[in-house]
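Notes follow the structure.
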Amino acid sequence: MNISKLSWQNLISKPLNTTLSLLLMTFGAGIISLLFLLNNQIEQQLQANLRGVDMVVGSKGSPLQLILSSIYHIDNPTGNIPYREAIKIDNNSLVDLAVPLSFGDSYNGFRIVGTTHHYPELYEMSLNKGRLWSQSLEVVLGSSVAQIHKLKIGDTFYGTHGLIEGGHVHDEYAYEVVGVFNPSYTILDQLILTNTQSVWRVHNHEVIDQGEEYHNGQHHNNDHKHDTEESTVTMLGPSSSVPEDAMITSLLVKFKSPIGLIQLPRKINETTNMQAAVPALEISRLTNLLGFGVQTINTIAFIIIIVSGLSIFISLYNSLKKRRYELSLMRVHGATKWQLVHLVLQEGIILSLIGTIFGLLISRITLLMIPLFAEQKYTFVSFQFYLLNEELWLLPVALLIGVAASLIPIILSYNINIPKTLSNE
């Protein structure tokens with residue numbers, strides 16, 4: 000007697016009950032799996048975009064907002080800071096690298112960022128086509144920008160004031176595409192990079208384009224930071240090329256040693272009108288906030304799984320009541336009590352395991368479809384079709400739910416009274 004075949008046939012013979020039980024189990028397991036996958040992607044993206052940045056300096060305001068706007072480019076900046084003040088930070092002996100960022104314009108929703116060549120170097124970017132910018136109004140595109148807008152080397156476009164579409168178009172200044180980066184699976188895939196002088200020029204600062212080899216940070220010398228003039232050359236170029244009232248949005252800083260992380264942020268926050276935020280601390284707070292929400296949804300999903308277990312129990316129990324005569328006949332034809340137990344147990348386990356497997360598959364399909372509905376193209380750091388460590392408990396839990404849902408039907412099938420059942424039919 001093939002017990003497994005009988006289990007399948009019994010489930011197929013009750014399509015409505017079987018489908019309902021599978022849907023509930025699939026829904027609960029799918030939600031939990033999707034949350035694990037999203038949480039894993041968020042953590043990978045957070046780490047991939049930090050790239051060793053120890054401190055971010057910007058205008059006073061929310062430190063988390065400063066981190067989100069300067070590193071992840073998903074919030075509005077807190078304001079601007081004087082470039083001259085940024086020079087002093089770059090000149091500090093504790094600082095290994097200082098990367099200025101200037102933004103406020105965009106192109107069809109993608110930010111135009113004025114910076115130095117050290118910014119793409121920080122993210123280990125490589126060029127797919129063309130070269131890096133060498134003068135003002137030359138730009139290099141992130142891979143997503145180039146792909147979505149079909150831009151290529153030599154194309155020109157105009158920036159829009161603000162970080163969303165619909166702002167004033169700076170149609171007197173055309174940017175020229177001189178390079179396109181390879182995909183990096185970081186935020187730089189969605190940025191348009193140029194030099195800082197381009198941002199100043201578009202916003203009506205008079206900038207003298209001299210010493211372009213300095214403008215782009217090619218002569219960064221970490222061992223010789225003694226005075227403001229030398230630091231000016233280090234960051235952008237000769238001091239004569241920088242307007243007196245020049246502003247930047249923020250400054251990404253890497254320290255030579257942990258001592259800098261201990262001393263400099265506190266000094267900046269206490270003695271200047273600027274704000275120093277430590278990415279590691281702010282991201283830890285953000286993760287804790289996200290973790291609470293994820294835990295809440297996980298709890299709801301787990302309740303759904305329990306409800307699906309009850310649905311499996313009800314399905315098996317009702318089925319067993321209707322099949323008592325059938326099971327009695329099986330006993331008469333030689334089936335043992337334990338074979339009937341295995342029959343009912345397999346039905347419960349099959350429903351719970353198949354529902355969980357469907358949930359795992361659907362969660363991954365859903366994650367792959369998210370970029371299709373996102374406003375900007377999303378690239379995964381590393382998409383995983385195999386199970387995450389956090390998901391490994393789902394299958395054992397599904398197995399336990401299947402067994403638990405089958406317990407009462409198992410007891411009923413084991414204690415079935417053959418003569419009484421047959422005589423009543």
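The numbers in numbering that gives the first Met the number 0 rise by one with no breaks, and the one at position 79 of the sequence shown is 78. Backbone N, C-alpha and C define an ideal beta-carbon position, used for all residues, glycine too.
Three-state secondary structure (DSSP) of residue i
i      : result
Asn91  : coil
Tyr413 : helix
Val56  : strand
Thr17  : helix
Met273 : strand
Pro81  : strand
Thr233 : Because the pLDDT at Thr233 is just 49, under 50, the model does not fix this residue reliably, and the value given afterwards should be weighed accordingly. Looking at Thr233 - three-state DSSP - the assignment turns out to be helix.
Met246 : strand
Val98  : strand
Leu391 : coil
Ser405 : helix
Ser105 : strand
Val241 : coil
Extent of the continuous beta strand (DSSP E) to which residue i belongs
i      : result
Phe384 : Per DSSP, Phe384 belongs to no beta strand (DSSP E) and is neither H nor E.
Ser249 : 249-254
Ile111 : 109-114
Same chain, Cβ closer than 6 angstroms to residue i, neighbours up to 5 away in sequence not counted
i      : result
His72  : Arg110, Ile186
His223 : For His223, the predicted structure reports a pLDDT of 42, less than 50, and the residue's modelled location is therefore unreliable. A value from the coordinates is still provided. So the list is empty, once near-sequence residues are dropped.
Leu350 : Ser20, Ile311
Phe102 : Arg110, Val112, Thr248
Leu78  : Residue identity differs from the one stated: residue 78 is Gly in this sequence, not Leu. Only Ser58 meet the Cβ criterion.
Gly401 : Gly347, Ile348, Ser351
Ile304 : Gly27
Ala275 : Met54, Val56, Pro264, Ile267, Asn268
Chain-order list of residues whose beta-carbon lies under 7 angstroms from that of residue i (same chain, five-residue window excluded)
i      : result
Glu281 : Pro62, Leu63, Ile66
Ile106 : This sequence places Tyr at residue 106; Ile is not what is there. Excluding sequence neighbours, Tyr106 sits near Phe156, Gly158, Thr159, Ile191.
Leu33  : Ser362, Thr365, Leu366
Gly166 : Thr159, His160
Leu162 : Asn75, Ser105, Arg110
Arg130 : Val177, Gly178
Leu326 : Leu339, Ser412, Ile415
Thr18  : none
Residue range of the alpha helix (DSSP H) that includes residue i
i      : result
Arg50  : Element bounds for Arg50: n/a, residue is neither H nor E.
Gly259 : 257-270
Ile11  : 2-11
Leu63  : 62-66
His72  : Careful: His72 lies outside any alpha helix (DSSP H) and carries neither H nor E.
Leu121 : 117-121
Close Cβ partners of residue i (< 8 angstroms) along its chain, the five nearest in sequence each way excluded
i      : result
Met124 : Phe180, Asn181, Ser183, Leu187
Gly51  : Leu121, Lys253
Val343 : Leu315, Leu319, Ser405, Pro408, Ile409, Ser412
Lys13  : Ser314, Ser318
Ile2   : Gln338, His341, Leu342, Gln345
Glu175 : Leu136, Glu137, Val138, Gly153, Asp154, Thr155
Asn9   : Ser318, Arg322, Leu342, Glu346
Met273 : Val56, Gly57, Ser58, Lys59, Ile80, Glu84, Ile267
Lys151 : Lys128, Ala145, Val176, Val179
Which whole runs of the alpha helix (DSSP H) in the stretch 129-199 are 4 residues long or more, in chain order?
Complete alpha helix (DSSP H) runs here, min 4: 142-148.
Please confirm if the stretch 187-200 is in contact with the stretch 143-162, defined as three or more CB-CB distances below 8 angstroms between the two stretches.
Contact check between the stretch 187-200 and the stretch 143-162: three or more CB pairs, one atom from each, fall below 8 angstroms, which counts as touching.
Taking 8 angstroms as the cut-off, does the stretch 165-172 touch the stretch 110-123 (at least 3 CB pairs, one atom from each stretch)?
No contact exists between the stretch 110-123 and the stretch 165-172.
Pairing CB atoms from the stretch 388-404 with CB atoms from the stretch 15-35, are three or more of them under 8 angstroms?
Judged by Cβ distances under 8 angstroms, the stretch 388-404 makes contact with the stretch 15-35, as three or more pairs qualify.
Spell out a yes or no on whether the stretch 301-321 and the stretch 44-59 are touching, meaning 3 or more CB-CB pairs, one atom from each, closer than 8 angstroms.
Fewer than three pairs of CB atoms, one per stretch, sit closer than 8 angstroms, so the stretch 301-321 makes no contact with the stretch 44-59.
Cβ contact check for the stretch 39-50 and the stretch 254-270: 3 or more pairs under 8 angstroms:
In the pairwise beta carbon analysis, the stretch 39-50 is classified as not touching the stretch 254-270: fewer than three pairs are separated by under 8 angstroms.
Please go through the stretch 277-307 and give each complete beta strand (DSSP E) segment of 3 or more residues, from N-terminal end onward.
Counting only runs of 3 or more, we get nothing.
Tell me the start and end of each unbroken alpha helix (DSSP H) in the stretch 313-365 that is at least 4 residues and wholly inside, in chain order.
You should have 323-331.
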